[in-house]
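Q: I am attaching a structure below and will ask some questions about it afterwards.
In the working numbering, the protein residues as written are 37 to 105.
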């Protein structure tokens, strides 16, 4: 997949670079790259996902307990 940004007349390099970075962010290319930097077995991915769910629930419970006081 080739990525490119055309520089239009009167457009600076900085503006073109900004558009390119925005395009890369929208497409999720960097996050996909970082995800594949190292191999993690499926069991490890499940553990990480479960830990994230538990953190989220703990955070929601703490917010609810603060509101009820």
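Note that CB positions come from ideal geometry on N, CA and C, so glycine has one too.
From 46, 94, 99 and 41, pick the residue whose C-alpha is nearest to that of residue 53; which is it?
A: 41
Q: Which value, in whole angstroms, describes the spacing of the CA atoms of residue 94 and residue 59?
A: 35 Å
Q: I need the straight-line Cα distance from residue 55 to residue 76, nearest angstrom please.
A: 33 Å
Q: Between which two residues does the alpha helix (DSSP H) containing residue 77 stretch?
A: Run containing residue 77: none; DSSP gives neither H nor E here.
Q: Which runs of the beta strand (DSSP E), 3 residues or longer, sit entirely within the stretch 39 to 100?
A: none
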